[in-house]
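See below for the structure under consideration.
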Amino acid sequence: MKAFLKKVLAFGLGSMFLLSPLQAAEVEVLHWWTSGGEAAALNVLKEDLQSKGIGWKDMPVAGGGGTQAMTVLRSRVTSGTAPTAVQMLGFDILDWAAEGVLADLNRIARQGNWDAVVPLALQKFSKYDGQWISVPVNVHSTNWVWANKAVFEKVGVTVPRNWDEFVAVTKKIKAAGYTPIAHGGQAWQDATVFDSILLSVGGYDFYKKTMVDLNLKALGSAKMVQVFDRMRVITGLLDPNFSGRDWNLASAMVINEKAAMQIMGDWAKGEFIKAGKVPGKDFMCFRFPETQGIVTFNSDQFAMFRVGSADTKSQMEMAKSVISPVFQSAFNVVKGSAPARTDVPNSDFDACGKKGMTDLASANMNGTLIGSMAHGHANPAGIKNAMYDVITNHFNTKQSSRAAVKALVAAVETAM
Ligand code: BGC
1 MKAFLKKVLA FGLGSMFLLS PLQAAEVEVL HWWTSGGEAA ALNVLKEDLQ SKGIGWKDMP
61 VAGGGGTQAM TVLRSRVTSG TAPTAVQMLG FDILDWAAEG VLADLNRIAR QGNWDAVVPL
121 ALQKFSKYDG QWISVPVNVH STNWVWANKA VFEKVGVTVP RNWDEFVAVT KKIKAAGYTP
181 IAHGGQAWQD ATVFDSILLS VGGYDFYKKT MVDLNLKALG SAKMVQVFDR MRVITGLLDP
241 NFSGRDWNLA SAMVINEKAA MQIMGDWAKG EFIKAGKVPG KDFMCFRFPE TQGIVTFNSD
301 QFAMFRVGSA DTKSQMEMAK SVISPVFQSA FNVVKGSAPA RTDVPNSDFD ACGKKGMTDL
361 ASANMNGTLI GSMAHGHANP AGIKNAMYDV ITNHFNTKQS SRAAVKALVA AVETAM
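Numbering follows the numbering used here, in which position 301 of the sequence shown is assigned residue number 301; successive positions increment by one, without gaps.
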């Protein structure tokens with residue numbers, strides 16, 4: 001019945017069906033924040049909206065990186081029952097905007113002066129044709145390592161500054177009986193590791209040339225062979241049960257001293273915090289060796305679907321709540337990310353959060369901030385998924401680096 005009403009409203013008959021008490025303001029939110037840390041952050045949003053009289057209809061779709069969520073979204077939109085608000089990343093936002101189905105947020109963006117406070121790197125994905133079509137929640141970054149401090153101390157190793165040190169450290173950890181790297185064998189997690197490895201081999205320029213510019217020569221180069229060589233080293237550092245494991249269970253291995261490190265975006269910090277762990281005391285956060293000074297970022301945003309005038313008010317209220325400085329601090333302190341606006345104080349953030357914010361600001365200033373391929377901010381979904389296939393196939397077989405590079409070039413060429 002509600003879906004029917006929404007359809008009717010979408011066809012412009014809204015005024016005939018003005019809000020009845022039964023239709024209290026509510027948002028239906030499609031998201032993939034289902035781990036402990038993510039759910040805790042989501043609660044901050046739910047409670048904020050509740051305090052403003054806006055109800056919450058939860059539409060969780062488990063699966064890190066959002067691949068499954070995007071599949072569910074497509075089918076909801078196709079069947080004419082789009083959710084009111086959807087967590088989305090980078091190029092996916094622009095793809096939906098191009099289909100003309102996203103609500104216009106310009107009025108509140110103007111009122112809130114979003115143009116002045118949201119960094120341009122994010123605006124690139126929040127605006128389409130100069131119009132605001134999504135509201136940024138945060139800025140995550142992917143080139144992080146999360147390490148158990150006690151394990152490092154027991155083994156007698158320190159934070160590695162470059163690849164050779166990293167390899168040496170992992171050898172010692174392995175010899176001491178720990179799993180060096182906690183990992184979940186899912187395509188998006190393999191791709192998240194690839195983000196860091198690619199950056200460590202080629203730096204900002206090579207990352208941009210291959211992931212953003214899709215330069216086939218660079219994609220097929222000797223440097224890319226080296227990237228897959230390093231990916232092969234990583235596959236030798238995992239426990240035998242990594243296949244299919246969810247990312248938060250891999251975080252738990254580090255938290256519980258089963259493994260020494262996880263190469264993962266800063267949403268992993270949410271799991272450590274949820275488990276009562278303290279940065280600097282129980283765990284350490286550092287940039288993947290040889291990627292210091294560069295930040296591969298992704299920004300969760302909420303895009304609002306045009307579902308009819310009855311929902312517009314709650315959609316706009318939600319967007320206003322999300323962008324408010326108080327919410328940006330409260331939410332991101334729990335989520336592990338940095339605020340999506342430049343004027344939020346870092347006073348409530350822990351040491352890793354402060355480092356994340358500083359790294360982000362300086363990378364933004366130095367021109368070394370770049371969208372994460374693994375999380376939809378370097379290239380559109382078609383290309384990203386083609387890359388995922390190649391990376392994950394290499395990761396899970398004995399394929400040579402050269403063969404993987406050939407496959408990568410062919411896959412990108414076909415997807416372009
Ligand atoms: C999102 C994060 C989320 C992570 C794992 C990323 O794509 O940006 O918000 O925590 O996936 O689910």
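From the three backbone atoms N, C-alpha and C, an ideal C-beta is built for every residue, glycine too.
Proximal residues to residue i (C-beta, below 7 Å), its chain only, five neighbours per side dropped
i	result
Lys2	With a pLDDT of 40 at Lys2, under the threshold of 50, the modelled position of this residue cannot be trusted; read the value that follows with caution. There are no such residues.
Asn379	Phe91, Met211, Val212, Leu214, Met373
Gln131	Asp104, Asn106
Ala97	Tyr128, Ile133
Proximity of residue i and residue j at Cβ, strictly below 8 Å
i	j	result
Glu317	Lys52	yes
Lys277	Ile255	yes
Leu102	Ala303	yes
Ser401	Phe288	no
Phe331	Val137	yes
Lys208	Ile370	yes
Lys171	Val155	no
Ile234	Val334	no
Ala82	Ser314	no
Met70	Val29	no
Ala340	Leu42	no
Glu257	Ala150	yes
Gly63	Gly336	no
Ile54	Val86	no
Tyr388	Ala252	no
Leu73	Asn143	no
Residues of its chain near residue i, where Cβ-Cβ distance is below 8 Å and the 5 sequence neighbours each way are ignored
i	result
Ile383	Leu214, Val412, Ala415, Met416
Lys223	Val201, Gly202, Phe206
Asn366	Gly293
Leu216	Val409, Val412, Glu413
Tyr178	Val151, Val155, Glu257, Lys258, Ala259, Ala260
Leu360	Val139, Ser141, Val295, Phe297, Ala338, Leu369
Pairwise C-alpha distance: residue j and residue i
i	j	result
Thr296	Asp311	35 Å
Ile108	Val322	12 Å
Gly220	Glu290	22 Å
Tyr128	Asp350	34 Å
Ala260	Met211	29 Å
His140	Ser243	25 Å
Leu22	Trp56	Residue confidence for Leu22 is low, a pLDDT of 46 falling below 50, so the modelled location carries little weight; the figure read from the coordinates is stated next. Going from the Cα of Leu22 to the Cα of Trp56 covers about 14 Å.
Gly65	Ser35	12 Å
Ala77	Val405	Contrary to the premise, residue 77 reads as Val rather than Ala in this sequence. Their Cα atoms are separated by approximately 36 Å.
Ser134	Phe152	42 Å
Asp343	Asp266	21 Å
Val227	Ala116	38 Å
Phe286	Asn162	12 Å
Val44	Trp32	15 Å
Gln301	Gly376	12 Å
Asp229	Ala147	23 Å
Lys46	Ala39	10 Å
Asp282	Val167	23 Å
Gly308	Thr84	9 Å
Leu5	Glu99	At Leu5 the pLDDT is 36, less than 50, meaning the model places this residue with poor confidence; the figure from the coordinates comes in the next sentence. The alpha-carbon atoms of Leu5 and Glu99 are separated by roughly 22 Å.
Ala407	Ser347	47 Å
Gln68	Ser299	18 Å
Arg245	Asn113	42 Å
Asp164	Met231	14 Å
Pro442	Ser362	Outside the displayed range of the chain (1 to 416) lies residue 442, so it cannot be described from this structure.
Phe194	Pro119	26 Å
Ala452	Ala250	Residue 452 lies beyond the residue range present for the chain, which begins at 1 and ends at 416; the question has no answer from this structure.
Proximal residues to residue i (C-beta, below 6 Å), its chain only, five neighbours per side dropped
i	result
Val169	Val157, Pro160
Phe327	Asp48, Ser321
Asp190	Ile391, Thr392, Phe395
Phe125	Gly90, Ile93
Met284	Ala147, Lys149
C-beta neighbour in chain D for residue i, strict 8 Å
i	result
Gly64	Considering every chain present, this structure includes no chain D. It has just one protein chain.
*Could you give the uninterrupted runs of the alpha helix (DSSP H) lying entirely in the region 248-290, keeping only those of 4 residues or more?*
Fully contained in the region 248-290 are the following alpha helix (DSSP H) runs of length 4 or more, in chain order: 268-274.
*May I ask you to verify whether the region 108-118 touches the region 83-98, counting CB pairs closer than 8 Å and requiring at least 3?*
The region 108-118 makes no contact with the region 83-98; the number of CB pairs closer than 8 Å stays below 3.
*asked:* Give the list of continuous beta strand (DSSP E) stretches no shorter than 3 residues that lie fully inside the region 314-396.
replied: Within the region 314-396, the complete beta strand (DSSP E) runs of at least 3 residues fall at 369-371.
*Are the region 342-358 and the region 177-195 in contact at 8 Å, needing three or more beta carbon pairs?*
Short answer: they don't touch.
_beta strand (DSSP E) runs wholly inside the region 105-153, at least 3 long, in chain order_ = Inside the region 105-153, DSSP marks whole beta strand (DSSP E) runs of 3 or more residues at positions 134-136, 144-148, from first to last along the chain.
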